[in-house]
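Taking full-length UniProt numbering, the leading residue of the sequence shown gets 1, the next gets one more, and so forth. Each residue gets a CB set at the ideal place from its N, CA and C atoms; glycine is no exception. Quick caveat: nothing in here was measured; it's all calculated off a predicted structure. Okay, structure first, notes after.
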Amino acid sequence: MSPSPDIPASAAPASTAVAPRAVASPAGSPAPVPAAPGAPTQAELLAFVRRTAADAELVSTLPLDPEGRTWIRLEGPAGSEAWIIGWPPGTGTGWHDHGGSFGAFATAGGALQEDSLAARLPTEGWKTLELAEGVDRARKLTKGDARAFGSHHVHEVRNESDSEHAVSVHAYYPPLPLMRRYSRTGAVLRLEQVERPQEWQ
Ligand SMILES: [Fe+2]
Numbered sequence: 001m002s003p004s005p006d007i008p009a010s011a012a013p014a015s016t017a018v019a020p021r022a023v024a025s026p027a028g029s030p031a032p033v034p035a036a037p038g039a040p041t042q043a044e045l046l047a048f049v050r051r052t053a054a055d056a057e058l059v060s061t062l063p064l065d066p067e068g069r070t071w072i073r074l075e076g077p078a079g080s081e082a083w084i085i086g087w088p089p090g091t092g093t094g095w096h097d098h099g100g101s102f103g104a105f106a107t108a109g110g111a112l113q114e115d116s117l118a119a120r121l122p123t124e125g126w127k128t129l130e131l132a133e134g135v136d137r138a139r140k141l142t143k144g145d146a147r148a149f150g151s152h153h154v155h156e157v158r159n160e161s162d163s164e165h166a167v168s169v170h171a172y173y174p175p176l177p178l179m180r181r182y183s184r185t186g187a188v189l190r191l192e193q194v195e196r197p198q199e200w201q
């Protein structure tokens, strides 16, 4: 089984917590989702990944491998799942979502390119989807940059450098219940695989 996009193999998330889901209101707009008691906020995850990425001593404990990604699992705040990940030049995740978890990531070294969609996609009930013009977003996160994302975020992350490793810190809440992997051809996104924690071991 291939590793999950963001967290290759190794320790599977220990929790089977159900992801919070937004539900459509009668007017069709997303209804606010009450936070679970004790759950971290997006801002807390963002602060955590920023703080951890700035901890040079901790980041330096990540072994780097020119042939593939490496990782260390961390305890994130309030029961969240967190990782330090090393990205050799040219590696990336492919398009994926986070199974309803929200999260944040920060670049601790090098640079990462993130392509994402500024549109909320239906999570189930489709195999291919043609994206409208104008939904693509791209950003580059260099050392010290960070971003939070919501529970419906779809993106791909790459280290486009041909010579420099990138290192990043990620946090998710709830711990990832599943991830959907997509291929993309032009404007067409195709669901390829739904991965669950037991497949990541
Ligand atoms: Fe991701």
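Exercise. Going along the chain, which residues of its own chain have a beta-carbon closer than 6 Å to the beta-carbon of residue 286, five neighbours each way excluded?
Worked result: Summary: the structure shown does not reach residue 286, with the chain confined to residues 1 through 201, and so no result is reported for it.
For this session: Drop a sphere of 10 angstroms on the beta-carbon of P37, count the other beta-carbons inside from all chains shown, and report buried for 16 or more, exposed for fewer.
Result: exposed
Problem set entry | P174 to T123 span [Cα, whole Å] | 17 Å
For this session: Report the partner residues of W87 according to the DSSP bridge assignment.
Result: A166
Exercise. Residues bridged to K140 by DSSP?
Worked result: DSSP output for K140 lists Q113 as bridge partner(s).
For this session: Quick one: grab the DSSP three-state call for R69.
Result: coil
For this session: Return the chain-ordered list of same chain residues with a C-beta closer than 6 Å to the C-beta of A53, the five sequence neighbours on each side being excluded.
Result: A106, A108 and V169
For this session: Return the CA-CA distance between residue 205 and V157, expressed in angstroms with no decimal places.
Result: This structure cannot settle anything about residue 205, because the visible part of the chain is limited to 1 through 201.
Exercise. Any beta-carbon of chain D closer than 7 Å to the one on G125?
Worked result: Here chain D cannot be found, since the structure has a single protein chain.
For this session: Using only alpha-carbon positions, find the residue among E195, A56, N159 and S183 that is nearest to G110.
Result: N159
For this session: Measure the C-alpha to C-alpha separation of R184 and A119 and round it to an integer number of angstroms.
Result: 15 Å
Exercise. So, using beta-carbon positions, are L178 and G99 closer together than 7 Å?
Worked result: yes
Exercise. If you draw a straight line from the C-alpha of T61 to the C-alpha of G186, how long is it?
Worked result: Cα-Cα distance, rounded: 39 Å.
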